[in-house]
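Below is one structure; the comments refer to it alone.
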């Protein structure tokens, strides 16, 4: 990023940047760089100082960039369990890391394999409250949550126990960042294509076994029903697409809600089969048959779901209409250049602030 002018311009259009991901070990320690890799310590100015040291020195031209560490990520069941079993160690090591590198806060992105277990939601709220006390009132604190209400409900209302206000308690000490994506994908148990990041629920979705029915709006409604203030909700959107292979589209369907073959789903540029960056999507769309925020290639039989500038603008309008806290993007490096007509970040900025970034 230090030698990437395009990335530097993107930093001028955001106010919080997260370094993803740290993990929590069995003793509750947030993995650190300094002891095993002293060259990555914050005061090392060499070119080989390490990505985290470089991250700690980043800024934008307005000097408004908050830099935070993010803990967890996909498949972070062990980090979640370790953190909740050893909250004192988590807080101590996280605060030490943040203070050593002069950072601005923390994001907890614990993504369990299934639902939160009884008692974990309450301990999660206590962990966030302890972080707030340790970091002070000005620090940025957020948690990431998925869009399916079943997982959200498990934080407040695990099976066979009475409901508590854990999400609301967390929101009293930080933001609740909604990962408004992964509603459907080629890795989902459903047998037909579906939108990855739909803002609203579609009344025409098929009533098929294992086909999940969800949307950003549905998740926001659930969070506010559980007493999370709208002004503490961040709405996330993806800068990547999901792809389905061997889709035989019925006339008029453009491939939506049609059967596919996982074995014939292509791999792209993010290292996972059936996923690619938004940059790659823009190259693929030339000559494709476009409808809303999905596209179908009749020749390749490939169907993709993605966000475009119009859908991101609609989500920004939703944020303002519902008085949400803002937008979150996963992730900034997958977008096209900021000055391009198809930039997702630029579209979000225009919709939120009324001007080009």
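Numbering (this note's numbering), first residue to last: 1426 to 1782. Note that the Cβ used here is the ideal one computed from N, Cα and C, for glycine as well. Values in this document were obtained by computation on a predicted structure and should not be read as measured data.
Discussion item. Mapping the DSSP letters down to three states, classify residue 1663 as helix, strand or coil.
Written reply: strand
Worksheet item: Would the beta-carbon of residue 1667 fall within 8 angstroms of that of residue 1567?
Response: no
Worksheet item: How long is the line joining the alpha carbons of residue 1601 and residue 1722, rounded to whole angstroms?
Response: 37 angstroms
Discussion item. Taking the alpha carbon of residue 1773 as the reference point, which residue from 1662, 1728 and 1675 has its own alpha carbon closest?
Written reply: 1662
Worksheet item: Looking at residue 1521 and residue 1446, is the spacing between their C-beta atoms short of 8 angstroms?
Response: no
Fill in: Selected residue, minimal CA-CA separation from residue 1765, among 1485, 1511, 1707 and 1609
1707
Discussion item. When you compare the CB positions of residue 1505 and residue 1497, do they come within less than 8 angstroms of one another, or not?
Written reply: yes
Worksheet item: If you draw a straight line from the C-alpha of residue 1622 to the C-alpha of residue 1702, how long is it?
Response: 14 angstroms
Fill in: Straight-line gap, residue 1609 to residue 1582 (C-alpha atoms, nearest Å)
24 angstroms
Discussion item. To the nearest angstrom, how far is the alpha carbon of residue 1484 from that of residue 1632?
Written reply: 48 angstroms
Discussion item. Under DSSP, the alpha helix (DSSP H) around residue 1479 begins and ends at which residues?
Written reply: 1476 to 1481
Discussion item. Under DSSP, the alpha helix (DSSP H) around residue 1721 begins and ends at which residues?
Written reply: From DSSP, residue 1721 is part of no alpha helix (DSSP H) but of the beta strand (DSSP E) over 1719 to 1722.
Discussion item. Considering just the uninterrupted stretch of the beta strand (DSSP E) at residue 1751, what are its terminal residues?
Written reply: 1751 to 1755
Worksheet item: Hey, how far is the Cα of residue 1515 from the Cα of residue 1577?
Response: 23 angstroms
Worksheet item: If you drop the 5 nearest sequence neighbours on each side, which residues of the same chain put their C-beta closer than 6 angstroms to that of residue 1553?
Response: 1595, 1598 and 1599
Practice prompt. Measure the alpha-carbon distance for residue 1698 versus residue 1728 and round it to whole angstroms.
Written response: 13 angstroms
Practice prompt. Enumerate in chain order the residues of its own chain whose CB-to-CB distance from residue 1472 is below 6 angstroms, with the five nearest sequence positions on each side excluded.
Written response: Any reading at residue 1472 must be qualified, since the residue scores a pLDDT of 41, below 50, and its modelled position is unreliable; the value itself is stated next. Excluding positions up to five away in sequence, the list is empty.
Item to complete: Just mark residue 1720 as buried or exposed, buried being the case when its beta carbon has 16 or more other beta carbons within 10 Å.
Response: buried
Item to complete: Starting from the Cα of residue 1513, find the closest Cα among 1452, 1545, 1501 and 1543 and give me that residue.
Response: 1452
Fill in: Which listed residue (1590, 1434 and 1489) has its alpha carbon closest to that of residue 1441
1489
Practice prompt. Tell me whether residue 1559 sits in a helix, a strand or coil according to DSSP, three-state version.
Written response: helix
Worksheet entry | Touching by the beta-carbon criterion (3+ pairs, under 8 angstroms), the stretch 1738 to 1753 and the stretch 1647 to 1658 | yes
Worksheet item: Is the beta carbon of residue 1603 within less than 7 angstroms of some heavy atom of the ligand SAM?
Response: The model on display carries no ligand, and the ligand SAM is accordingly not part of it.
Fill in: Other residues of its chain near residue 1558: CB distance less than 6 angstroms, five sequence neighbours each side excluded
none
Worksheet item: What are the boundary residues of the alpha helix (DSSP H) that residue 1776 is part of?
Response: 1769 to 1778
Item to complete: Quick one: grab the DSSP three-state call for residue 1740.
Response: helix
Fill in: Bounding residues of the alpha helix (DSSP H) (the contiguous stretch that carries residue 1650)
1641 to 1650
Worksheet item: CB residue 1541 to CB residue 1491, shorter than 8 angstroms?
Response: no
Worksheet item: Among residues of its own chain, excluding the 5 on either side of residue 1732, which ones have a beta-carbon nearer than 7 angstroms to its beta-carbon?
Response: 1622, 1662, 1663, 1718 and 1769
Discussion item. Helix, strand or coil for residue 1735? Go by DSSP, reduced to three states.
Written reply: helix
Fill in: Any C-beta of chain D under 8 angstroms from that of residue 1453
The structure shown contains no chain D; it is built from a single protein chain.
Worksheet item: Does the Cβ-Cβ distance between residue 1501 and residue 1534 come in under 8 angstroms?
Response: yes
Fill in: Closest residue to residue 1784 among 1739, 1616 and 1548 (Cα-Cα distance)
Absent from the structure is residue 1784, since the part of the chain shown begins at 1426 and ends at 1782.
Discussion item. Starting from residue 1706, trace the alpha helix (DSSP H) in both directions and tell me its first and last residue.
Written reply: 1703 to 1709
Fill in: As assigned by DSSP and simplified to three states, the class of residue 1551
helix
Worksheet item: If you follow the alpha helix (DSSP H) that residue 1506 is part of, which residue opens it and which one closes it?
Response: 1502 to 1510
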